[in-house]
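Below: one structure, written as structure tokens.
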Amino acid sequence: MSAAETSASPPSEQGGGGNGLLWVLVAVAVLFAFLRPRAPMDWLKLVDWQTVGALAGLLAITQGVEKSGMLQATAQRLLARTTNQRSLALLLTASAALLSALVTNDVSLFLLVPLTRVLASQAHLPLARLVVLEALAVNAGSALTPIGNPQNLYLWHRSGEGFFAFMGMMGPTVAVMLFWLFVATWLLVPRTPIALKPETEAAPVQPRMLALAGVLFIGFVIALDRHWLLAGLGVVFGVFLVSYPRVLRGIDWALLAIIALMFVDLRQLAELPAIAALLGQWPIAEGWRAYLAAIVTSQFISNVPAAILLDRYVHDLPALAAGVSVGGFGCVLGSLANLIALRLAKLPNGLREFHRISIPFLIVCAASALLLRLG
């Protein structure tokens with residue numbers, strides 16, 4: 058698919074790949090219900106409600122920022138200062154990688170993907186390609202710090218390493234991923250001058266809604282840090298319900314259902330006795346075998362569950378951490394960030410374009426990082 062063809066694709070309101078993945082996850086859940094019956098409360102315990110709740114609050118706040126008109130105004134200023142598509146792509150991917158190391162991968166996507174979608178509504182840009190590159194960028198950048206993503210946070214607490222010692226451990230792998238991200242961005246996005254679309258009357262910025270969304274964002278992050286999820290959600294949804302109910306109508310509820318069902322399905326898959334027996338028999342305790350096992354497992358059950366599952370069998374923390382980080386590439390299930398990016402972008406052919414880029418990217422990064430470890 059050429060850049061022109063990509064940019065010409067109209068956004069879809071159904072998100073990346075429509076709701077096909079949702080129905081697949083529903084079917085798998087029904088199959089597990091027949092094969093491994095559970096009490097209703099046990100099903101609910103499979104879901105990481107902290108993650109689902111955090112995403113729900115962030116989705117609401119992102120809708121508030123988008124409907125305030127601020128993204129449109131920011132996009133206009135950015136397009137006025139950027140001369141070509143490649144420069145814009147490098148700016149967006151670098152911002153995604155940096156932000157993800159500081160404020161986590163999902164938060165950086167909630168900030169940048171809606172902006173990218175608005176940019177593509179104002180200019181002829183390869184939206185699918187830009188969003189896929191941003192998803193790769195947050196997976197790469199977030200791997201650097203202990204707080205960049207959930208699997209790093211889990212492994213950091215398990216390791217007993219200091220903050221900067223953990224960063225030093227991850228540095229070489231992250232450097233490899235960022236190098237190939239730069240190469241991919243340079244090759245996939247041409248140095249074509251940005252062509253603006255016919256101007257449409259932009260909605261005026263609503264400072265009150267923007268300020269409210271900003272205050273709610275800060276308060277919600279504090280609430281998450283203090284483990285006050287329900288209180289934080291109550292405030293966010295209550296304030297928007299009273300002040301701007303149209304914000305809540307714009308939330309992608311299907312994304313939340315997909316994330317919840319992923320926990321239900323993938324955790325049951327990881328619990329299968331056959332999986333435990335297989336992992337127990339394979340020599341994956343350390344070295345390159347541990348690294349490759351983490352990558353392969355991430356492709357099937359996502360990198361956060363893979364880190365938790367393999368922690369019982371792998372005794373080589375650097376290999377495990379590197380493997381689940383690289384394993385976020387490839388299949389869309391490799392990382393929740395991939396799904397979030399595609400749903401936020403509302404792309405009609407998002408899954409196809411994602412795998413066209415992400416699978417070769419996984420192969421190159423996995424091989425390069427392995428050679429680095431062996432060297």
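Residue numbers (my numbering): 58 to 432.
Ideal Cβ placement from N, Cα and C applies to all residues, glycine included.
First and last residue of the uninterrupted alpha helix (DSSP H) at residue i
i	result
Leu92	Gly77 to Leu92
Gln263	Premise fails: Gln263 is in no alpha helix (DSSP H) and is neither H nor E.
Leu166	Asn162 to Gln179
Asp99	Pro97 to Leu103
Ala402	Leu393 to Ala402
Cys422	Gly407 to Leu431
Leu390	First-last for Leu390: undefined, no H or E at that position.
With 16 other Cβ atoms within 10 Å as the buried cut-off, status of residue i
i	result
Pro255	exposed
Thr140	exposed
Asp99	exposed
Phe418	buried
Pro362	buried
Arg400	buried
Gly205	buried
Trp213	buried
Phe91	exposed
As assigned by DSSP and simplified to three states, the class of residue i
i	result
Met241	Looking at the sequence provided, one finds Ala at residue 241 rather than Met. It is helical.
Asn141	strand
Ala331	helix
Leu298	helix
Leu155	helix
Leu374	helix
Pro250	strand
Ile341	coil
Nearest candidate by alpha-carbon position, reference residue i, set the options
i	options	result
Arg174	Asn162, Val160, Glu191 and Val164	Glu191
Gly380	Ala364, Asn395 and Cys388	Ala364
Phe221	Ala200, Ala241 and Leu235	Ala200
Val170	Val353, Val371, Asn395 and Ala424	Asn395
Val383	Pro330, Val371, Val246 and Thr354	Thr354
Pro452	Gly228, Ala317, Ala180 and Leu187	With the chain represented from 58 up to 432, any question about residue 452 goes unanswered, as that position is not in the structure.
Ile341	Leu367, Phe357, Leu313 and Val272	Leu367
C-alpha distance - residue i paired with residue j, whole-angstrom precision
i	j	result
Asn406	Arg138	29 Å
Leu101	Ala197	31 Å
Ala378	Arg346	13 Å
Ala327	Tyr348	18 Å
Ala117	Lys403	16 Å
Ser300	Ala268	13 Å
Asn76	Ala311	7 Å
Ala423	Ser415	12 Å
Gly74	Phe411	Unreliable positioning characterises Gly74 in this predicted model, as indicated by a pLDDT of 47, which lies under 50. A coordinate reading is not provided.
Val371	Leu323	20 Å
Leu281	Gly344	36 Å
Leu429	Trp237	14 Å
Leu155	Val231	12 Å
Ala317	Leu112	11 Å
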